[in-house]
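Before any comments, here is the structure.
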Amino acid sequence: MIVDLPSTTNSQVNKKMVELRESGGAVALGRVLTLVIVTGDGTETEQAIQAANEASREHPARVIVVAKGARQAAARLDAQIRIGGDAGASEVVVLRLYGPLAEEGAGSVVPLLLPDAPVVVWWPNDAPEYPAKDPIGELAHRRITDAAAEPDPIEALRTRVRSYVDGDTDLAWTRLTSWRALLAASLDLPPFEPIEGAVVSGESDSPSTDLLAGWLAASLGIPVRREVHRGPGIVSAVLERPSGNVEVVRPDGKVGYLTQPGQQDRRVTLHRRAVRDCLSEELRRLGPDEIYESTLRGLSDVVRGEPVDSAEQAEPVSAGQQS
25 MIVDLPSTTN SQVNKKMVEL RESGGAVALG RVLTLVIVTG DGTETEQAIQ AANEASREHP
85 ARVIVVAKGA RQAAARLDAQ IRIGGDAGAS EVVVLRLYGP LAEEGAGSVV PLLLPDAPVV
145 VWWPNDAPEY PAKDPIGELA HRRITDAAAE PDPIEALRTR VRSYVDGDTD LAWTRLTSWR
205 ALLAASLDLP PFEPIEGAVV SGESDSPSTD LLAGWLAASL GIPVRREVHR GPGIVSAVLE
265 RPSGNVEVVR PDGKVGYLTQ PGQQDRRVTL HRRAVRDCLS EELRRLGPDE IYESTLRGLS
325 DVVRGEPVDS AEQAEPVSAG QQS
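Rendered as structure tokens:
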């Protein structure tokens, strides 16, 4: 069910939610957190709501969407309440703020927060430079950004390094989970030799490629080179060992190939993760992510290589991808 409240106020929104709760049951029961989504008043709003609805099936939540409209318009609050089948396993409150109200999102959010429940804020794009200092970010236990959705993803990642405080995370980091698990598991097989260096390649504007390189540098304390290669996203990761390299190559963004000395080449699933899957994973953690923090610090130890030219990019990175 969708209820529209045009040109309304916070008190009227609260009153309507109480009415819906009394007529349809205590819909707030079982909500484990409040997810606040801060976005623009465009198509990205519905995309973010859809991702949150999918994530809510694992994490029932009250979702509050702060959609900032035109700053030049007259001050106005248009609200919409979604419950039932239109809200997944959550209840969704969309607040469209116009004019001076567009910068007063925190004041509109506070009355709608679930009592005694953790607050997570997600900026699908256009995140503030310092999320923890943002008025809405100050309300949150966790703050989720997405460097890949910014106009300059690599510069956005550098900003994350400068602004990090406990509770910050980024979906560019969450997209690495499968890569990190595969690389870690590959070292559980013989030969058990030290890793002497690593090379990570991917698109020039892929923050996940940079973060994978930073993770290897921070975790293994080895020299890591970050090279540019036509994507999509991360293309390959090579761990250098005396007896032969461990290589993971994903040329098409879907299927990867794992090559190890003394082992047959293997196909592995490395699909690029959907936003809803990354969001679900991040909502499982409400404390600081120490590994992400150390990875951000490890970015300063990564050496950026020269871009690979077009002819080289046309060649396979590894024989394993020929299978």
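Read left to right, the sequence shown gives residues 25 to 347 (my numbering).
Idealized CB from N, CA, C, for every residue including glycine.
1) Can you give the Cα-Cα distance for SER47 and ASP192, rounded to whole angstroms?
2) On the DSSP bridge assignment, give the partners of ALA85 in chain order.
3) Roughly how far, in whole angstroms, is the beta-carbon of LEU57 from the beta-carbon of VAL144, given that I think they are within contact range, below 8 Å?
4) Taking the alpha-carbon positions, what's the LEU200 to ILE107 distance?
5) Check for me: the alpha helix (DSSP H) holding LEU236 runs from which residue to which?
6) Going by DSSP, which residues form a beta bridge with TRP146?
7) Starting from TYR154, follow the alpha helix (DSSP H) in both directions and report where the run begins and ends.
8) Can the beta-carbon of GLY231 be found less than 8 Å from the beta-carbon of ILE178?
9) Roughly how many angstroms lie between the CA atoms of THR32 and VAL116, to the nearest whole one?
10) Cα separation between GLY280 and ASN38?
11) Please list the segments of the beta strand (DSSP E) lying wholly inside the segment 168–234, counting only runs of 3 or more residues, in order along the chain.
12) Once you ignore the five residues that flank ALA172 on each side, which residues in its own chain have a CB closer than 6 Å to its CB?
13) Kindly list the residues whose CB is nearer than 7 Å to the CB of ALA36, restricted to its own chain and excluding five residues on each side of it in sequence; keep chain order.
14) Taking the straight line between their C-alpha atoms, what separation do you get for ASP356 and THR293?
15) Starting from GLY280, trace the alpha helix (DSSP H) in both directions and tell me its first and last residue.
16) Assuming the contact rule is C-beta atoms closer than 8 Å, SER260 and PRO285 should be a hit. Round their C-beta distance to whole Å, please.
17) In its own chain, which residues sit with a C-beta less than 7 Å from the C-beta of PRO218, not counting the 5 before and 5 after it?
18) Relative to the C-alpha of LEU44, which residue among GLN104, GLU306, GLY161, LEU181 is closest?
19) On the DSSP bridge list, what partners appear for ARG274?
20) Is ALA298 helix, strand or coil by DSSP?
21) Closest by CA to GLY358, which one among ARG86, LEU138, VAL27, TRP147?
22) Report back the beta-carbon spacing between SER132 and ASN77 to the nearest angstrom; my notes put them in contact at under 8 Å.
23) With the cut-off set at 8 Å, would you say GLY329 and GLU264 are in Cβ contact?
24) Spell out the partners DSSP gives LYS92 in its beta bridges.
25) Confirm, please, whether the CB-CB distance from TYR154 to LEU320 is below 8 Å.
26) Please return the same chain residues whose Cβ sits closer than 6 Å to the Cβ of ALA141, not counting the five positions on each side in sequence.
27) Can you tell me which residues form a DSSP beta bridge with THR319?
Concretely, from the data shown:
1) 38 Å
2) Its beta-bridge partners are LEU57.
3) 6 Å
4) Approximately 33 Å, taken between the alpha carbons.
5) 231–244
6) Bridge pairing for TRP146: ILE61, ILE168 [DSSP].
7) That residue, TYR154, is in no alpha helix (DSSP H); it is neither H nor E in DSSP.
8) According to the sequence provided, residue 231 is Pro. The question's Gly does not apply to it. Closer than 8 Å, so yes.
9) Between THR32 and VAL116, the C-alpha separation is close to 16 Å.
10) 50 Å
11) 192–194, 221–226
12) ALA196, PRO231
13) Looking at the sequence itself, residue 36 is Gln, so the reference to Ala does not match. Within the same chain, GLN36 has close Cβ partners LEU29.
14) Beyond the ends of the chain as shown, which are 25 and 347, falls residue 356; an answer cannot be given.
15) Where GLY280 is concerned, there is no enclosing alpha helix (DSSP H), although the beta strand (DSSP E) it sits in stretches over 279–283.
16) Contact doesn't hold; Cβ gap of about 17 Å is too wide.
17) none
18) Out of GLN104, GLU306, GLY161, LEU181, GLN104 has the C-alpha closest to the C-alpha of LEU44.
19) Its beta-bridge partners do not exist; DSSP assigns none.
20) In this structure, ALA298 counts as coil in the three-state DSSP scheme.
21) Not covered by the structure: residue 358. The range shown for the chain is 25 to 347.
22) Not a contact, Cβ separation roughly 21 Å.
23) no
24) By DSSP's assignment, LYS92 forms a beta bridge with GLY64, LEU121.
25) no
26) LEU57, THR58
27) Partner(s): none; THR319 has no beta bridge.
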